[in-house]
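Colleague:
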Amino acid sequence: MRKTLYLKFLLGYLIFGCFGFLVVATFVSSMTLEHLKREKAEALYKEATLIANTYASDLYNSEASLEAVKPQLDALSTYFSAEIWIINPSGRMIMTTNAPLDVEHETVVENFDPTVTAGSYYTVGSFFDWFGEDMLSVFSPITSNYKVRGYVVIHAAMASIRASSESLLNISYIMLVIFFLLSLIILIFFTEMVYIPLRKITIATEQYAAGNLHYEFQVDSEDEMGYLAASLSYMANEIARGEDNQKKFIANVSHDFRSPLTSVKGYLEAMQDGTIPPELYDKYLGILLNETDRLIKLTNSLLTLNNLNMKGVVLEKSVFDINQVIRSTASSFEGTCRQKKVGIDLVLTGENLPVLADKSKIEQVLYNLLDNAIKFSHADSSILIETSEKHGKVFVSVKDHGIGIPRDSLKLIFDRFYKTDLSRGKDKKGTGLGLSITKEIIQAHNENINVISTEGVGSEFIFSLPVVDEED
Ligand code: ADP
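Structure representation (structure tokens):
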């Protein structure tokens, strides 16, 4: 059988109950009896001392007669439910409250030894085999002229002490049962708050492990259990999302590779079977070159993304002037700009603006952003590249006055292969990977990139870079 946590807890609970019962039945029982015995012995000893100092010493000093003392002691004996003796050191009984006075016959307690209490003032037993049952016997010496003349001995039946001990013990048992039942509440709480959520979590984990990542379960408690369940379900969602993305990614890659390859194959076949006459070869070879360029660009982008995604991307950080990098990237687009009649304005802060980053990767970021800005700009518009320094960071902004990005697409443009519907007509060569590469690079620097855009007005991409301290 599987040892569940619940079973263990239940077993612990039962062991706790049995152990409690055992403790009450042994320790508590003997402690109660011992306590009652001492208490009774103490009370009787006080009484015995009183009798020894009053009635008994009067008797020995012949100040009172046996007949006068006996009724008094009888009354006390009834009051204490005990038997009172006055006895000589030799063991001869002078008087007992248990029987009428009998001066004719001498009663002697055989082997009477007053030292039997051994330092204590009471003893438990049959009192020199006098009684047929256990008695608690208390001694107090009767002294006169510094001599022990006799003893007052009070005997109380141990049976009655045991009876009171048992009735006290019964209360302990009742308390134990109440406590045991009350602790059932803990068991119920445990079941409700720990066991049931834990079962749900275990079942969910089994489902996830079996590949059912869309399995849903509910643990509503606002504690560690609830937090664990929420984290687990979040983790499963993330894995499911990752898997979906992976599938989408592969579908996109295959699609993006297949379309240029299909057109390359189609043109080549047409050239081979003569559908395209040799005089048109130049035109179609140009198209073929374009398609292969697109494939090369796609492959390069995929390789870059893969490298960035691999854990522990090693950034080759160095201190460089970001203004300078912007100037040189902008100048590399001069030809394209002239073709499209787009101008680039630079508003750069300071002569030098040193940053600590991976220079070639930041060059790629600027290249991607500027490439997009030019691609999606209207003719005769201008692009503004600005640098500023705020709160220990350098901010670089690339702003165009182009087609803009629809509000719904803003969240998606950094996803792999995403292209807005607006851009499809304008940019046939785009792979939809440029911005995801850009974002990966900026995130590898522990920095951020944001976009502000209005459809039909233009877009602004702003990213941050760490500024260089004096010490750096
Ligand atoms: P691509 O290589 O196709 O440009 P990106 O990842 O760089 O891919 O961009 C993704 C999409 O985001 C583009 O296809 C375009 O729809 C949109 N986009 C990016 N930059 C701009 C911009 N400056 N203006 C308008 N749309 C943009």
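What the sequence shown shows, in the numbering used here, is residues 103 to 574, in sequence order. Beta carbons are placed, not taken as given, at the ideal position from N, Cα and C, and that holds for glycine.
Which of the three DSSP states, helix, strand or coil, is assigned to ALA220?
Modeller: As a first step, residue 220 must be located in the sequence shown, where it is residue number 118. Coil.
Colleague: Is the stretch 438-447 in contact with the stretch 473-482, if contact means three or more CB pairs nearer than 8 angstroms?
Modeller: Yes, since at least three Cβ pairs between the stretch 438-447 and the stretch 473-482 fall closer than 8 angstroms, the two stretches touch.
Colleague: Could you tell me which of GLU235, PHE282, LEU270, ILE273 sits nearest to MET260, measuring between CA atoms?
Modeller: In the sequence shown, residue 260 corresponds to position 158, counting from 1. The candidate whose alpha carbon is nearest that of MET260 is GLU235.
Colleague: Just checking SER538 against the ligand ADP - is the residue's beta carbon closer than 7 angstroms to any of the ligand's heavy atoms?
Modeller: As a first step, residue 538 must be located in the sequence shown, where it is residue number 436. Yes - the ligand ADP has a heavy atom lying nearer than 7 angstroms to the Cβ of SER538.
Colleague: Based on Cα-Cα distance, which residue from LEU146, TRP232, VAL570 lies nearest to GLY494?
Modeller: Position 392 of the sequence shown, counted from the first residue, corresponds to residue 494. Nearest option by C-alpha distance: VAL570.
Colleague: Along the beta strand (DSSP E) that carries ILE515, what are the first and last residues, could you check?
Modeller: In the sequence shown, residue 515 corresponds to position 413, counting from 1. That residue, ILE515, is in no beta strand (DSSP E); it is neither H nor E in DSSP.
Colleague: If you draw a straight line from the alpha carbon of LEU417 to that of LEU524, how long is it in whole angstroms?
Modeller: Your numbering for residue 417 matches position 315 in the sequence shown. Your numbering for residue 524 matches position 422 in the sequence shown. Looking at the two C-alpha atoms, the distance is approximately 35 angstroms.
Colleague: Ignoring anything shorter than 3 residues or poking outside the stretch 527-565, list the beta strand (DSSP E) runs there in chain order.
Modeller: Within the stretch 527-565, the complete beta strand (DSSP E) runs of at least 3 residues are 551-556.
Colleague: Leaving out five residues before and five after MET103 in sequence, what residues of the same chain have Cβ atoms less than 6 angstroms from its Cβ?
Modeller: Translated into the one-based positions of the sequence shown, residue 103 becomes position 1. Note that MET103 scores a pLDDT of 45, beneath 50, so its modelled location is shaky and nothing firm can be said.
Colleague: By a C-beta neighbour count over all protein chains shown, 10 Å radius and 16 as the cutoff for buried, is PRO379 buried or exposed?
Modeller: Locating residue 379 in the sequence shown gives position 277, where the first residue counts as 1. That one is exposed.
Colleague: Restricting to Cα atoms, I'd like to know which of LYS492, ILE564, LEU535 is closest to ILE515.
Modeller: The residue given as residue 515 occupies position 413 in the sequence shown. Closest option to ILE515, Cα to Cα, is LEU535.
Colleague: Does the stretch 225-235 come within contact of the stretch 157-174, defined as at least 3 CB pairs closer than 8 angstroms?
Modeller: These segments do not touch.
Colleague: Write down the C-beta distance between VAL254 and ALA158 rounded to the nearest angstrom, noting that I regard them as a contact closer than 8 angstroms.
Modeller: Position 152 of the sequence shown, counted from the first residue, corresponds to residue 254. Position 56 of the sequence shown, counted from the first residue, corresponds to residue 158. With 8 angstroms as the limit, VAL254 and ALA158 qualify as a contact, their Cβ atoms being about 5 angstroms apart.
Colleague: Kindly indicate which residue of VAL559, ALA459, GLY452 has the alpha-carbon position closest to the one of HIS503.
Modeller: As a position in the sequence shown, residue 503 is number 401, starting the count at 1. Comparing Cα positions, the closest option is VAL559.
Colleague: Between GLY252 and ILE189, is the Cβ-Cβ spacing less than 8 angstroms?
Modeller: As a first step, residue 252 is located in the sequence shown; it is residue number 150 there, counting from the start. As a first step, residue 189 is located in the sequence shown; it is residue number 87 there, counting from the start. Result yes, Cβ atoms of GLY252 and ILE189 sit closer than 8 angstroms.
Colleague: Going by DSSP, what residue range makes up the beta strand (DSSP E) through PHE241?
Modeller: By one-based count along the sequence shown, residue 241 stands at place 139. 237-246 is the extent of the beta strand (DSSP E) around PHE241.
Colleague: Just grab the DSSP bridge partners of PHE497 for me.
Modeller: For the purposes of this step, residue 497 is identified with residue 395 of the sequence shown, where counting begins at 1. Per DSSP, SER490, SER566.
Colleague: Need the endpoints of the alpha helix (DSSP H) that ALA371 sits in, please.
Modeller: Reading the sequence shown from its first residue, position 269 is the one you call residue 371. According to the sequence shown, residue 371 is Glu rather than Ala. Where GLU371 is concerned, the enclosing alpha helix (DSSP H) stretches over 326-374.
Colleague: For the putative contact between ASP322 and GLY313, defined by C-beta atoms under 8 angstroms, what is the C-beta separation to the nearest angstrom?
Modeller: If you number the sequence shown from 1, residue 322 lands on position 220. If you number the sequence shown from 1, residue 313 lands on position 211. Incorrect: roughly 26 angstroms between the Cβ atoms, too far for contact.
Colleague: Rounding to the nearest angstrom, what Cα-Cα distance links LYS385 and ARG360 in this structure?
Modeller: In the sequence shown, counting from the first residue as 1, residue 385 sits at position 283. In the sequence shown, counting from the first residue as 1, residue 360 sits at position 258. Whole-angstrom Cα-Cα distance: 22 angstroms.
Colleague: Does the beta carbon of ALA475 fall short of 7 angstroms from some heavy atom of the ligand ADP?
Modeller: On the sequence shown, position 373 is the one that residue 475 refers to. At least one heavy atom of the ligand ADP is nearer than 7 angstroms to the Cβ of ALA475, so yes.
Colleague: Under three-state DSSP, which class holds LYS302?
Modeller: Here residue 302 refers to the residue found at position 200 when the sequence shown is read from its first residue. Reduced to three states, the DSSP call for LYS302 is helix.
Colleague: On the criterion of 16 or more Cβ atoms from any shown chain inside 10 Å, does ALA459 qualify as buried, or is it exposed?
Modeller: Stepping through the sequence shown from its first residue, residue 459 is reached at position 357. When all chains shown are included, ALA459 counts as buried.
Colleague: Do you know whose CA, among SER179, SER420, VAL449, CYS439, lies nearest LYS89's CA?
Modeller: Past the edges of the chain, shown from 103 to 574, lies residue 89, and the structure says nothing about it.
Colleague: Could you give the residue range of the alpha helix (DSSP H) that holds TYR83?
Modeller: This structure leaves residue 83 out entirely; the chain is present only between 103 and 574.
Colleague: Identify the residues that DSSP records as bridge partners of ALA258: which are they?
Modeller: By one-based count along the sequence shown, residue 258 stands at place 156. Beta-bridge pairing links ALA258 to LEU238.
Colleague: Less than 8 angstroms between the CB atoms is what I'm expecting for LEU471 and VAL500, so what's the real figure, rounded?
Modeller: As a working mapping, residue 471 is identified with position 369 in the sequence shown. As a working mapping, residue 500 is identified with position 398 in the sequence shown. Going by Cβ atoms, the distance from LEU471 to VAL500 rounds to 4 angstroms, so yes, they are a contact pair.
Colleague: Please report the straight-line C-alpha distance between PRO508 and GLU542, rounded to a whole angstrom.
Modeller: For the purposes of this step, residue 508 is identified with residue 406 of the sequence shown, where counting begins at 1. For the purposes of this step, residue 542 is identified with residue 440 of the sequence shown, where counting begins at 1. Taking the straight line joining both Cα atoms gives about 23 angstroms.
Colleague: I'd like to know if the stretch 268-284 and the stretch 203-213 are in contact, where contact means that at least 3 CB-CB pairs between them fall below 8 angstroms.
Modeller: No, the stretch 268-284 is not in contact with the stretch 203-213.
Colleague: Looking at the strands, I want to know which residues DSSP matches up with THR198.
Modeller: Within the sequence shown, the letter at position 96 stands for residue 198. The partner list for THR198 (beta bridge, DSSP) reads TRP187.
Colleague: Is the separation between the beta-carbon of MET237 and that of ALA258 shorter than 8 angstroms?
Modeller: Translated into the one-based positions of the sequence shown, residue 237 becomes position 135. Translated into the one-based positions of the sequence shown, residue 258 becomes position 156. Yes, they are a contact pair.
Colleague: Are the stretch 361-380 and the stretch 393-407 in contact at 8 angstroms, needing three or more beta carbon pairs?
Modeller: Yes: the two stretches touch, three or more of their Cβ pairs being nearer than 8 angstroms.
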